[in-house]
Structure formats: structure tokens, C-alpha cells
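Heads up: the structure comes next, in C-alpha cells.
Residue numbers (my numbering): 4 to 320.
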């Protein structure tokens, strides 16, 4: 959540955007974060719920500057499985209907626009980027680095999801709408597409941080997998060495009991196995006098055990 909050704060700190782009951003924030409501007193109001304080302040300032309406910011908190979440509601009580017309949320017939305003969908690239920025500020989320990658916006209806997906295509990004339980969503899962969208929206610093942490997470994951693999190999090698020691010890007991003469090279190999119970075959080969290969030391131990097995079978007969 900390990274997501940083992304949204960075998006609201962008300077130098032209009025048309800022209007598109306000329109998208209203469409994806709330809309017109009827208050308990029967008054038509506009309220937009956001999860970032900077986004709420940005919207309040731009509603005043661009459209000439005053608003209030209300705070509310609610408990979730991951802890308490703070929400911010930008509330326009006077002139809400006029603001809806100005932002294109209502069309000229004063009917609610189901997707995004036509002026935004057909606008220039700066407006398209701003609309995606507004939708993300209103109801967007971003995966933590190290987890399955996604950038997602929850949409109020299928038409809004289709509109958001459509303007993503204008930016050269494939963003498919999908339905998850009762909600409509537009989701990016490709890490390169996510990085590009963050940059297009204006979160360049957060994009670098997200990409860097994701790469570090992937590297750590690979290192952990290799470490686990090496650890498993070590455990298997240690188990095999312990079993070999037991077999060699049993073989020497048989030879001693029966007075069997064992070839010197086989006896020396068995003795090395007993004296260096944790050593690998390669290490045993280096300890031999003169040093020999691991295949050679393995062959000598194998012939030693075969001799012991043959001796034991003759005893049974």
C-alpha cells in the first residue's frame, strides 16, 4: 500500500498540465470514484471517494479553478483484513448538476454518461493520459514488487471498463476489461506494459522504483530457488554418504569375521569413506594416495561392497 500511495501522490504533483488535460482527469476521477448522489435532505450532490489525501486535495483545487465550484473533503475510515483504511470524500453540495454537465458526466440531455465523456475519449493524447491518470487515482491499484505483477482499475460499469480499455489502446497498450465477481476491472499484467503505463500517466519515479524492486525480487527468488536446490542436493549427498559408511563398516565386519584378504586399493577406499563420512566422492578421490577421480573411488567402494556381499552369500550356503 505504501508504494501505491507514493504513486498516487506523485501523479497529483505533476505540474504544467494544460486545462483540457486537467479537465479530463477530473472527469475520470468523478466517473470512477463516485458521481451524482441524492443527499438525505433530497439535494443532488456530487461525491467522489478517494484513498489518497493528495488526490483529494488536487481534485478540490481543480474543481474550484477549472469549473468554479466549491467542495469539501470529508474523511472516513473502515476496517479491512489488512488493517484500517482511510478514505477521503470530495463533496460538492452546490452546483453539483452544473459540474456534472461541465465535466461531461451528464450529456446535453442531462442523462448519465455510462462510459467516459466523448470529448475525453476522442481527445488528444494528453487528455487520454490524464483520463487514465484520473481513473487510476480514483480506483486503481498496483501489485507490490516480488508478487504477481498487475496494475488494475475497478470500473463502475462495463461501459466505463470498455472506454478505459479503448483509450489504453490509443496509448499503444493492450488492456483487457474483465469481470471479477460483481466488479468490472481493467487489468494490465505484463510488467513491461505496467512500467510503460506508469510512465505515460506521469509516475516516472514510482515506475523506476517498482521496476527495480521487481527485478530485485525476481533475482532474490531465483537465488532462493538455487539455494533450496543446492540445499536439497547437500542433504541427498549427506544421506548417501551416511548410508555408504554403514555399508562399508558392515563389509569390514564381514571380512574380519571370515578372515578375508581384501585388496589394498579397495581397503584404502573403504577406510577413506569411514574416516571422512561427510566428504563427497570427489573429495575422497583427492584424499587418496595417489589422488584419483571420483569415478575411480566410487568404483573401488562398489567393488568392496560387492566382495562383502559375495562373502556373506557364501556364508549362508
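Virtual Cβ for every residue (Gly too), placed ideally from N, Cα, C.
Under 8 Å between C-beta atoms of residue i and residue j
{"i": "residue 25", "j": "residue 69", "result": "yes"}
{"i": "residue 23", "j": "residue 130", "result": "yes"}
{"i": "residue 209", "j": "residue 51", "result": "no"}
{"i": "residue 246", "j": "residue 314", "result": "no"}
{"i": "residue 76", "j": "residue 63", "result": "yes"}
Coil, strand or helix - residue i by DSSP
{"i": "residue 22", "result": "helix"}
{"i": "residue 150", "result": "coil"}
{"i": "residue 12", "result": "helix"}
{"i": "residue 296", "result": "coil"}
{"i": "residue 30", "result": "helix"}
{"i": "residue 179", "result": "strand"}
{"i": "residue 274", "result": "helix"}
{"i": "residue 96", "result": "coil"}
{"i": "residue 156", "result": "strand"}
{"i": "residue 89", "result": "strand"}
{"i": "residue 38", "result": "strand"}
CA-to-CA distance, residue j to residue i, given in whole angstroms
{"i": "residue 203", "j": "residue 132", "result": "6 Å"}
{"i": "residue 195", "j": "residue 55", "result": "25 Å"}
{"i": "residue 316", "j": "residue 256", "result": "14 Å"}
{"i": "residue 252", "j": "residue 293", "result": "23 Å"}
{"i": "residue 65", "j": "residue 152", "result": "32 Å"}
{"i": "residue 338", "j": "residue 239", "result": "Past the edges of the chain, shown from 4 to 320, lies residue 338, and the structure says nothing about it."}
{"i": "residue 118", "j": "residue 5", "result": "30 Å"}
{"i": "residue 111", "j": "residue 122", "result": "13 Å"}
{"i": "residue 303", "j": "residue 268", "result": "7 Å"}
{"i": "residue 225", "j": "residue 298", "result": "Because the pLDDT at residue 225 is just 48, under 50, the model does not fix this residue reliably, and the point stays unresolved."}
{"i": "residue 243", "j": "residue 148", "result": "40 Å"}
{"i": "residue 263", "j": "residue 306", "result": "14 Å"}
{"i": "residue 285", "j": "residue 279", "result": "12 Å"}
{"i": "residue 312", "j": "residue 283", "result": "23 Å"}
{"i": "residue 193", "j": "residue 271", "result": "60 Å"}
Cβ-Cβ separation, residue j to residue i (assumed contact under 8 Å), whole Å
{"i": "residue 138", "j": "residue 93", "result": "About 15 Å; that fails the 8 Å criterion."}
{"i": "residue 173", "j": "residue 180", "result": "Not quite, the Cβ-Cβ distance comes to about 15 Å (not below 8 Å), so this is no contact."}
{"i": "residue 186", "j": "residue 178", "result": "Their Cβ separation, rounded to whole angstroms, is 16 Å, which puts residue 186 and residue 178 out of contact at 8 Å."}
{"i": "residue 170", "j": "residue 199", "result": "Not quite, the Cβ-Cβ distance comes to about 14 Å (not below 8 Å), so this is no contact."}
Buried or exposed (CB count within 10 angstroms, at least 16 for buried), residue i
{"i": "residue 142", "result": "buried"}
{"i": "residue 321", "result": "Only positions 4 to 320 of the chain appear in the structure, and residue 321 is not among them; the question remains open."}
{"i": "residue 161", "result": "exposed"}
{"i": "residue 219", "result": "Since pLDDT at residue 219 reaches only 46, below the 50 mark, its modelled position is unreliable, and the value read off the structure follows with that caveat. Flag for residue 219 reads exposed."}
{"i": "residue 30", "result": "buried"}
{"i": "residue 74", "result": "buried"}
{"i": "residue 1", "result": "There is simply no residue 1 to check, as the chain begins at 4 and stops at 320 in what is shown."}
{"i": "residue 276", "result": "buried"}
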